[in-house]
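A.B. asks: Here the sequence shown is numbered in this note's numbering, starting from 10 and rising by one per residue. There's a structure below that I have some questions on.
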Amino acid sequence: MPGWEEGDWRDESLCKFTQSNLLNDMGLEFYDLSHPWGLGQPCWPYFEDVKIERLHGMSKSGVLTQKITTVMHSGTHIDAPAHVVPGTPFMDEVPLPYFFGTGVVVSIPKKKWEVITAEDLENARPQIREGDIVIVNTGWHKYYGDNQHYYGYSPGFYKEAGEWFVQKKVKMCGSDTQALDHPLGTAIGPHGPGAPNGLLPRINQEYEQLTGRKVIEDFPEWEPCHSAILSAGICGFENVGGDIDKVTGKRVTFAAFPWRWKKGDGCIVRLVAIVDPKGTFRIETGKDND
10 MPGWEEGDWR
20 DESLCKFTQS
30 NLLNDMGLEF
40 YDLSHPWGLG
50 QPCWPYFEDV
60 KIERLHGMSK
70 SGVLTQKITT
80 VMHSGTHIDA
90 PAHVVPGTPF
100 MDEVPLPYFF
110 GTGVVVSIPK
120 KKWEVITAED
130 LENARPQIRE
140 GDIVIVNTGW
150 HKYYGDNQHY
160 YGYSPGFYKE
170 AGEWFVQKKV
180 KMCGSDTQAL
190 DHPLGTAIGP
200 HGPGAPNGLL
210 PRINQEYEQL
220 TGRKVIEDFP
230 EWEPCHSAIL
240 SAGICGFENV
250 GGDIDKVTGK
260 RVTFAAFPWR
270 WKKGDGCIVR
280 LVAIVDPKGT
290 FRIETGKDND
């Protein structure tokens with residue numbers, strides 16, 4: 010598609026991005042599984058708001074320079090092992106091959122507060138293989154936004170799913186939900202900095218009223234999926250979205266490279282799924298054959 014909107018005052022001859030010709034030449038299809046990111050960015054409860062300031066603007070300086078203030082666990086992002094487990098790799102210490110490889114996007118539809126189980130993952134199709142990058146589409150990405158429905162009522166992984174990923178020896182995993190753990194197993198529930206009532210007390214009260222059980226009874230551990238996978242060196246993606254529905258049920262190639270951030274605990278990332286319908290694409294050898 011053109012880089013500029015029709016009727017734009019800018020001269021298209023100056024700069025024009027056309028995906029169609031490039032992709033036809035390569036024979037590849039690219040799908041962006043990231044949510045848009047910018048001002049008004051949805052934030053995990055009680056995270057500081059994203060700030061974007063113009064240090065230089067075109068009208069005054071003839072150049073655009075912007076300053077961003079943000080936590081790196083914002084929007085579609087990846088968690089490094091050191092985010093949760095002391096003594097494990099930071100973002101810059103995770104080997105590059107982990108951020109590229111084959112995998113699957115599987116459909117596991119879930120409703121409010123439902124848990125993604127080991128049985129769900131075992132029965133998912135395409136079948137999850139050892140070494141896969143695995144993205145689970147629960148359907149919850151459709152609610153992504155600055156609202157308590159997305160963050161407080163989300164389904165999610167818990168201890169059983171985390172242990173299954175480790176036993177399966179996947180490369181990375183993630184979902185279209187607010188975190189790698191069910192919200193009631195995070196500080197939204199009565200855990201960590203959310204103890205004893207949770208960062209969203211009303212959500213916890215509602216759960217207890219509807220189920221007749223205390224949240225801590227059904228979700229006794231704080232972020233056990235985080236702990237299981239990150240301890241095993243399996244990084245995780247949170248808030249996956251974008252074109253996820255277009256590749257659900259498919260085996261794809263993933264690419265998602267974070268910043269080379271020294272001692273980084275996580276990073277905003279552009280998660281891309283690549284499909285080669287013709288099966289003819291090859292990676293360059295690095296040799297000059299001319």
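No residue lacks a Cβ here, since even glycine has one placed at the ideal position from N, Cα and C. Source: prediction; values computed, not measured.
Does the beta-carbon distance from Gly275 to Asp58 come in below 7 Å?
C.D. replies: No, they are not a contact pair.
A.B. asks: Quick one: give me the first and last residue of the beta strand (DSSP E) that Asp88 is part of.
C.D. replies: From DSSP, the beta strand (DSSP E) with Asp88 extends over 86 to 88.
A.B. asks: Can you tell me the Cα-Cα spacing of Arg222 and Leu239, whole angstroms?
C.D. replies: Arg222 and Leu239: Cα-Cα distance of roughly 30 Å.
A.B. asks: Can you find the residues in the same chain that come closer than 7 Å, C-beta to C-beta, to His65, ignoring five residues on each side of it along the sequence?
C.D. replies: Around His65: Val72, Leu73, Thr74.
A.B. asks: Report the partner residues of Tyr159 according to the DSSP bridge assignment.
C.D. replies: Looking at the DSSP assignment, Tyr159 forms no beta bridge with any residue, so it has no partner.
A.B. asks: What first and last residue would you give for the beta strand (DSSP E) that runs through Glu4?
C.D. replies: Nothing can be reported for residue 4: it is not among the residues displayed for the chain, which extend from 10 to 299.
A.B. asks: Just tell me which of Pro95, Tyr152, Asp297, Arg279 has its CA closest to the CA of Pro45.
C.D. replies: With distances taken between Cα atoms, Pro45 lies closest to Arg279.
A.B. asks: What first and last residue would you give for the alpha helix (DSSP H) that runs through Ile277?
C.D. replies: First-last for Ile277: 275 to 277, but that is the beta strand (DSSP E), not the alpha helix (DSSP H).
A.B. asks: Are three or more beta carbon pairs between the region 239 to 249 and the region 91 to 98 nearer than 8 Å?
C.D. replies: Result yes; three or more Cβ-Cβ pairs closer than 8 Å.
A.B. asks: Is it buried or exposed for Gly207, if we count other Cβ within 10 angstroms and need 16 for buried?
C.D. replies: The residue is buried, with at least 16 neighbouring Cβ atoms inside 10 Å.
A.B. asks: Can you say whether Thr186 is buried or exposed, counting buried as having 16 or more other CB atoms within 10 angstroms of its CB?
C.D. replies: It counts as buried.
A.B. asks: Output the boundary residues of the beta strand (DSSP E) element that contains Leu239.
C.D. replies: Premise fails: Leu239 lies in the alpha helix (DSSP H), 233 to 240, not in any beta strand (DSSP E).
A.B. asks: Need the endpoints of the alpha helix (DSSP H) that Thr220 sits in, please.
C.D. replies: Start and end: 210 to 220.
A.B. asks: Using a 10 Å radius around the Cβ and a threshold of 16 neighbouring Cβ atoms, would you call Met10 buried or exposed?
C.D. replies: Note on Met10: pLDDT 41, under 50, position unreliable in the model; the coordinate value appears next. Result: exposed.
A.B. asks: Looking at the strands, I want to know which residues DSSP matches up with Ile142.
C.D. replies: DSSP output for Ile142 lists Gly112, Met181 as bridge partner(s).
A.B. asks: Measure how close the beta-carbons of Ala133 and Cys234 come, nearest whole angstrom, since I'm counting them as under 8 Å.
C.D. replies: Rounded, the Cβ-Cβ distance is 16 Å, inconsistent with contact.
A.B. asks: Check whether the Cβ atoms of Ile117 and Asp129 sit closer than 7 Å, and answer yes or no.
C.D. replies: Yes. Within cutoff.
A.B. asks: I'd like to know whether the C-beta atoms of Ser83 and Ile253 end up nearer to each other than 7 Å.
C.D. replies: Cβ distance not < 7 Å, so Ser83 and Ile253 don't count as in contact.
A.B. asks: Drop a sphere of 10 angstroms on the beta-carbon of Ile212, count the other beta-carbons inside from all chains shown, and report buried for 16 or more, exposed for fewer.
C.D. replies: So Ile212 counts as buried.
A.B. asks: Out of Gly154, Trp231, Gly47, which one is the CA nearest neighbour of Ile3?
C.D. replies: Summary: the structure shown does not reach residue 3, with the chain confined to residues 10 through 299, and so no result is reported for it.
A.B. asks: When the Cα atoms are used, what is the spatial distance from Gly258 to Ile137?
C.D. replies: Computed Cα separation, rounded: 11 Å.
A.B. asks: Secondary structure at Gln136, three-state DSSP: helix, strand or coil?
C.D. replies: Of the three classes helix, strand and coil, the one that applies to Gln136 here is coil, per DSSP.
A.B. asks: So, helix, strand or coil for Glu293, using DSSP?
C.D. replies: Coil, per DSSP.
A.B. asks: Does DSSP put Ile197 in a helix, in a strand, or in coil?
C.D. replies: It is coil, neither helix nor strand.
A.B. asks: If you draw a straight line from the alpha carbon of Asp103 to that of Gln218, how long is it in whole angstroms?
C.D. replies: Per the sequence shown, residue 103 should be read as Val rather than Asp. Straight-line Cα distance between these residues: approximately 43 Å.
A.B. asks: Using 8 Å as the Cβ pair cut-off and three pairs as the minimum, do the region 259 to 270 and the region 282 to 296 touch?
C.D. replies: Flag = yes, the region 259 to 270 and the region 282 to 296 touch.
A.B. asks: How about Val224 and Leu193: do their beta carbons lie closer than 7 Å?
C.D. replies: Going by C-beta atoms, Val224 is nearer than 7 Å to Leu193.
A.B. asks: Is the beta carbon of Tyr152 closer than 7 Å to that of His158?
C.D. replies: The answer is yes: Cβ separation under 7 Å.
A.B. asks: With DSSP run on the structure shown, which of helix, strand or coil describes Tyr253?
C.D. replies: As written in the sequence, residue 253 is Ile, which differs from the Tyr given in the question. Three-state result, Ile253: helix.
A.B. asks: Which value, in whole angstroms, describes the spacing of the CA atoms of Pro229 and Phe174?
C.D. replies: The straight-line gap from Cα to Cα measures roughly 20 Å.
A.B. asks: Looking at the unbroken beta strand (DSSP E) that takes in Lys60, where does it start and where does it end?
C.D. replies: 60 to 65 is the span of the beta strand (DSSP E), which, as asked, contains Lys60.
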